[in-house]
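Some notes on the structure that comes next.
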């Protein structure tokens, strides 16, 4: 069935607010292909300043009274008459009225978008991530570490002491009992610091997970990692430290290193020595080297500053493409990213503090890449200019 004017107006208003479903996208695309005038009409509504002027004009009516009246009539015949009348108003006016209905609800706060000098549009800003995590105890209980006080106790008696953004597991005399495990989950826009019972320190980045024994046994110290973490391993020649990650195993005695396993496993060694094994292949790293684990294990000189920038509170982009950069921002700001155009193949450099609001980071990225961004809620749309300001 061919969509009527009101349906098209509703689809366009949802499109302008980045709330259009996949089914709605298909219907709207068919309508756009029917006639060039339809496409021009949609383009005219991309000018949100003009739309806001139209809405302000319509607001000459008492919006609260009108909305209350519409709500009372929404299930009756009079609402059907309103919809019928709107067919004769024309698409442009209908769309504006639909937008006005959404923006004029008494409970809504309407904010005009902020346009920056590089062409970015912000309906709101997004604050950076911070200290947040969930701890899964050995009995299956989940503790929100943003809400819990300052001390927990495991079923074997191990004390877990918490402070702002940090957990410390108390050392405990070894026994011959079975090991019990905890898991620390870091969500999007989160980070956390952990001190294990042997004194090993671990920093976890957003969208990461570490599973570890509450206290270690007599032989090895083994943990499992997903995501990204920086380790400062407490030396103990009698008990090697093992990190199981992405099918590979990192063998450590006492050292400082970073593991990034969001896509493929990459290990960067700052000091000490580590050995990586994967599918029967083994490589040893020296300080200043990075290992990429795929079908093979390849070594290359490491960019230490880039590898641990996140742990030091920075974004550090060096020869990164726009998709890689937006993936980092997505994890730290808890945003969804939609590329309206095909991203360029160029790679970009830059650095900025992770404590910056999203708008600051995107404005910097616009200067470097020629991209323009539109932020609405936690949704970010990305478009590309043909001539970036800086190449």
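In UniProt numbering, the protein residues as written are 1 to 391. Ideal placement from N, C-alpha and C gives every residue a C-beta, glycine not left out.
In the structure shown, residue 184 adopts extended strand secondary structure according to DSSP, grouped into three states. Counting the other CB atoms within 10 Å of its CB gives residue 221 a total of 16 or more, which places it among the buried residues. Taking the CA atoms as reference points, residue 27 sits about 12 Å from residue 15.
In the structure shown, the three-state DSSP call for residue 347 is coil. Per DSSP, reduced to three states, the secondary structure at residue 325 is helical. 8 Å or more divides the Cβ of residue 202 from the Cβ of residue 211. The beta-carbon distance between residue 129 and residue 332, rounded to whole angstroms, is 5 Å. This is short enough to meet the 8 Å contact definition.
If you check the CB distance, residue 308 and residue 288 do not come in under 8 Å. For the pair residue 327 and residue 292, the CB atoms are not nearer than the 8 Å cut-off. Bounds of the alpha helix (DSSP H) holding residue 367 are 358–369. Just so you know, the alpha carbons of residue 382 and residue 341 end up roughly 7 Å apart. Residue 125 holds the alpha-carbon nearest to the alpha-carbon of residue 363 among 125, 11 and 7. With respect to the C-alpha of residue 235, the residue from 248, 256, 228 and 218 having the closest C-alpha is 256. Leaving aside the five residues that flank residue 226 on each side, the residues in its chain whose CB is nearer than 7 Å to its CB run, in chain order, 208, 209 and 261. Counting only the Cα atoms, residue 346 lies some 22 Å from residue 358. Taking the Cβ atoms as the reference, residue 325 lies roughly 12 Å from residue 344, outside the contact range of under 8 Å.
Listed in chain order, the alpha helix (DSSP H) elements of length 4 or more contained wholly in the region 283–318 are 304–307.
When 352, 163, 230 and 138 are compared, the shortest CA-CA separation from residue 132 is found for 163.
Here DSSP, grouped into helix, strand and coil, assigns residue 265 to strand. Per DSSP, the beta bridge partners of residue 229 are 204 and 259. Across the set 337, 243, 155 and 184, the C-alpha of 184 shows the shortest separation from the C-alpha of residue 136. Ranked by Cα distance from residue 271, the options 161, 252 and 339 are led by 252.
Within the DSSP bridge table, the entry for residue 212 names 182 as partners. Between the C-alpha atoms of residue 186 and residue 118 there is a straight-line separation of about 34 Å. The criterion of a C-beta distance shorter than 8 Å is not satisfied by residue 120 and residue 298.
The alpha-carbon of residue 353 is positioned some 15 Å away from that of residue 330.
The C-alpha of residue 7 lies about 47 Å from the C-alpha of residue 204.
Your pair residue 258 and residue 214 does not check out as a contact, with CB atoms roughly 25 Å apart and the cut at 8 Å.
The alpha carbon of residue 378 has as its nearest neighbour, out of 37, 22, 24 and 122, the alpha carbon of 122. Counting other Cβ atoms within 10 Å of its Cβ, residue 13 reaches 16 or more and is therefore classed as buried. For residue 142, the CB contacts under 8 Å within the same chain, skipping 5 residues up- and downstream, are 134, 135 and 136 in chain order. Residue 335: not part of any alpha helix (DSSP H); DSSP gives it neither H nor E.
Counting only the Cα atoms, residue 169 lies some 7 Å from residue 158. In the structure shown, residue 380 adopts extended strand secondary structure according to DSSP, grouped into three states. DSSP places residue 29 in no beta strand (DSSP E) but in the uninterrupted alpha helix (DSSP H) bounded by 22–34.
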